[in-house]
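Notes follow the structure.
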Amino acid sequence: MKNKKFWKYFKEYEWSNIFAMIRNNRLDPKICNDDFKNKLVVITGATSGIGYLTARKYASMGADLLCVNRSQEKSDALKDEIEGEFNVKCDYRIADLSKLDDVHKVGQELSHTNFTIDVLIHNAGVYLTKRESTTDGLEKVFMVHHLSSFIINYYLVEKLKAQDKARIIVVSSEGHRFAAWGLRMDDLMWEKRRYSGLKSYGSAKTAQLLSILIFDQLFNGSGVTINAMHPGAVKTETGRENGAGYQWFKKHVIDRALRSPEISAEALYYLGVSDEMDEVSGKFFNLTAMEEPAPPALDMETARELWQISLDLGRLNTQTEKE
Ligand SMILES: NC(=O)c1ccc[n+]([C@@H]2O[C@H](COP(=O)([O-])OP(=O)(O)OC[C@H]3O[C@@H](n4cnc5c(N)ncnc54)[C@H](OP(=O)(O)O)[C@@H]3O)[C@@H](O)[C@H]2O)c1
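Take the position in the sequence shown, starting the count at 1, then add 70; the result is the number in my numbering.
Okay, structure coming up:
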């Protein structure tokens, strides 16, 4: 089976959506000036790039933070910096989101807390030019982007629904378009074909977008919304795990075309706080401009199939889910 939905998607592509993306790529985000005092924001990967600036933005507007990071040292430094500069609390949990055990632990802990989670931002991510296997035998990019956010959301469904309201924001990417002909459901782990950094990234981001379609249905009628966003093409530490050739290319070519990640933080603040987002769910934004994602990211049939596979791969069909 090779991209068996090629023709279906081919017919669904519309040039107007591509032009809209190109136009939106040049826009600045809408700005929200409302404060967020006494609210709690959970954010993954707050130790660098977009996550770091987003954590600072929310803290500067009065929000308390619970960061989910993999580095103890960077988390301590972040906590000291944010609590020293702003009058807020900045807690953290250590979790390597490429490890199922760590992800389950965080998901379970968050689902059992009695505090309100006002905004949950799935931001942590990785870009790899060579395939890496996690300790659980999963392809790492798929695990960190899609499965980790899937598992945490899955644990949180009932807790968030029991709250008055909550917003989940998934930091996705226009890069989902690299999976132009959809997910290879027979090879989500990239074991049967040549690995491509762009395509694996595109697949993982497409998977994230597909899972949002189902979560949106689960949250329907509650005060919980779930949306995805592209944070702009911005200069961060992304890709640092890759080799010297990639680093050279990133520094001398890619980085020169990139914008400041401050725009990502402003967009993530707007999407998390603005009243205008109160009723909006199941959508994709380029910064703060609502946009139509590529056809493979809107395929409900694949979304349902992926949901079942994700339950299995994420070990949510086992006893753990009931703990
Ligand atoms: N930069 C862009 O232009 C761009 C465009 C579209 C989408 N995005 C998305 O934006 C998000 C943030 O990326 P960024 O550009 O800000 O990259 P970044 O500077 O590399 O930051 C990535 C963050 O994720 C954390 N992280 C990575 N792997 C992790 C793991 N296994 N467990 C826990 N945390 C992990 C990193 O922790 P450490 O500090 O410990 O490494 C860091 O805090 C990603 O989802 C990315 O796909 C970025």
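For glycine and all other residues, C-beta sits at the position ideal for the given N, C-alpha and C. From a predicted model like this one, the values you see are computed outputs, not experimental measurements.
Residue i and residue j closer than 7 Å at C-beta
i, j, result
"P99", "I379", "no"
"A367", "H246", "yes"
"M213", "T205", "no"
"Y339", "K127", "yes"
"N193", "T114", "yes"
"K262", "D188", "no"
"V397", "A147", "This structure leaves residue 397 out entirely; the chain is present only between 71 and 393."
"P101", "E336", "Reading off the sequence, residue 101 comes out as Ile, not Pro. Yes, the pair counts as a contact, with Cβ atoms nearer than the cut-off."
"L376", "L230", "no"
"N356", "N87", "no"
"D286", "K305", "no"
"I120", "P331", "yes"
"S219", "V240", "yes"
"S351", "I296", "yes"
"G342", "R254", "no"
"W318", "Y79", "no"
"V138", "R163", "yes"
"L136", "D161", "yes"
"V173", "A274", "no"
"S130", "F156", "yes"
"K291", "I221", "Lys is not the amino acid found at residue 291; the sequence shown has Gly there. Taking 7 Å as the Cβ cut-off, G291 and I221 do not qualify as a contacting pair."
"M259", "E228", "no"
"G293", "D234", "yes"
"G384", "L217", "yes"
"E307", "S118", "yes"
"P365", "E82", "yes"
"A359", "L170", "no"
Residues that DSSP places opposite residue i in a beta bridge
i, result
"F354", "A298, E361"
"R237", "V189, T295"
"S203", "E209"
"R126", "The partner list for R126 (beta bridge, DSSP) is empty, contrary to what the question assumes."
"R329", "V304"
Where the beta strand (DSSP E) through residue i begins and ends
i, result
"T114", "110-114"
"N87", "Element bounds for N87: not the beta strand (DSSP E) but the alpha helix (DSSP H), 85-94."
"I164", "160-164"
"L198", "Counting along the chain, L198 falls outside any beta strand (DSSP E), and DSSP gives it neither H nor E."
Supposed close pair residue i, residue j - CB separation, criterion 8 Å
i, j, result
"L180", "R140", "Going by Cβ atoms, the distance from L180 to R140 rounds to 16 Å, so no, they are not a contact pair."
"A249", "G272", "4 Å"
"R329", "A298", "With 8 Å as the limit, R329 and A298 do not qualify as a contact, their Cβ atoms being about 19 Å apart."
"F354", "S242", "7 Å"
"K175", "A165", "7 Å"
"K320", "Y265", "Rounded, the Cβ-Cβ distance is 19 Å, inconsistent with contact."
Delimiting residues of the alpha helix (DSSP H) encompassing residue i
i, result
"I282", "267-289"
"D171", "170-182"
"D382", "370-383"
"V138", "V138 -> not in any alpha helix (DSSP H); beta strand (DSSP E) instead, spanning 134-139."
"L341", "332-343"
"G154", "142-155"
"L314", "It is Ala, not Leu, that sits at residue 314 in the sequence shown. Counting along the chain, the alpha helix (DSSP H) containing A314 begins and ends at 314-319."
"W251", "Careful: W251 lies outside any alpha helix (DSSP H) and carries neither H nor E."
"S219", "218-232"
"K78", "76-82"
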